[in-house]
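Our numbering puts the first residue of the sequence shown at 274, with every later residue one more than the last.
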Amino acid sequence: MGGESDALGVVIAVVGVIGSILVARISKPRDRDQDDEREPAADESGDRSAELKVSPEIWRRFTVLETKVDHLTALVEEQRTKVSTLERLLRLALRIIRRANRRLRAAELPPEEVPAELVPYSIE
Numbered sequence: 274m275g276g277e278s279d280a281l282g283v284v285i286a287v288v289g290v291i292g293s294i295l296v297a298r299i300s301k302p303r304d305r306d307q308d309d310e311r312e313p314a315a316d317e318s319g320d321r322s323a324e325l326k327v328s329p330e331i332w333r334r335f336t337v338l339e340t341k342v343d344h345l346t347a348l349v350e351e352q353r354t355k356v357s358t359l360e361r362l363l364r365l366a367l368r369i370i371r372r373a374n375r376r377l378r379a380a381e382l383p384p385e386e387v388p389a390e391l392v393p394y395s396i397e
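Spelled out as structure tokens, the structure:
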């Protein structure tokens, strides 16, 4: 389960870095003279119908990033399913070992050692 949170952390870090780069490219410092001469923004002039315009390159990168994040999310979900199936099988293996050990003790034979890797999956 630690691998799942690591993968999600990597996805979040990648999205953060790419977002930071895109914001840095968009918000270049302006000259003060240009700020004084600029026209009022659409919502400052009362025109509410204006849309936010983004360069096609940013949209393309955003779409690529969105596709990659969706793919990574699908991979994480797939791995989560595999992990829960594996945990269920490990619990079943531990029950079988314990049942066999009870039979061995009843027959006055030495029980098999439970592998240390299975102990965390004990439901008892």
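Where a beta carbon is used, it is the ideal one built from N, C-alpha and C, also for glycine. Predicted, not measured: the structure shown is a model, and the values here were computed from it.
Open item on the list: Rounded to whole angstroms, what is the Cα-Cα separation between L338 and L363?
Closed with: Counting from one through the sequence shown, the residue named residue 338 turns up at place 65. Counting from one through the sequence shown, the residue named residue 363 turns up at place 90. So the two alpha carbons sit approximately 37 Å from each other.
Task: Close beta carbons around N374, own chain, < 8 Å, minus the five adjacent residues each side - done: For the purposes of this step, residue 374 is identified with residue 101 of the sequence shown, where counting begins at 1. Cβ neighbours of N374 beyond the five flanking positions: P384, E385, V387.
Task: Three-state secondary structure assigned by DSSP to K355 - done: Within the sequence shown, residue 355 is the residue found at index 82, counting from 1. Note: K355 maps to helix in three-state DSSP.
Task: Segment contact flag, the segment 355-371 with the segment 284-299, C-beta cutoff 8 Å, min 3 pairs - done: no
Task: DSSP state of E297 mapped onto helix, strand, coil - done: Position 24 of the sequence shown, counted from the start, is the residue given in the question as residue 297. The amino acid occupying residue 297 in the given sequence is Ala; Glu does not appear at that position. Helix, per DSSP.
Task: alpha helix (DSSP H) runs contained entirely in the segment 324-375, provided each spans 4 or more residues - done: none
Task: Where A389 sits in the DSSP three-state scheme - done: Taking the sequence shown and counting its residues from 1, the one referred to as residue 389 is at position 116. A389 falls in the helix class under three-state DSSP.
Open item on the list: Just verifying my parser: in three-state terms, what is the DSSP assignment at L281?
Closed with: For the purposes of this step, residue 281 is identified with residue 8 of the sequence shown, where counting begins at 1. DSSP places L281 in helix when its eight states are reduced to three.
Task: Pick from I285, A379, R361 that is closest to P393, judged by C-alpha positions - done: Taking the first residue of the sequence shown as 1, we reach residue 393 at position 120. The shortest Cα separation from P393 among I285, A379, R361 belongs to R361.
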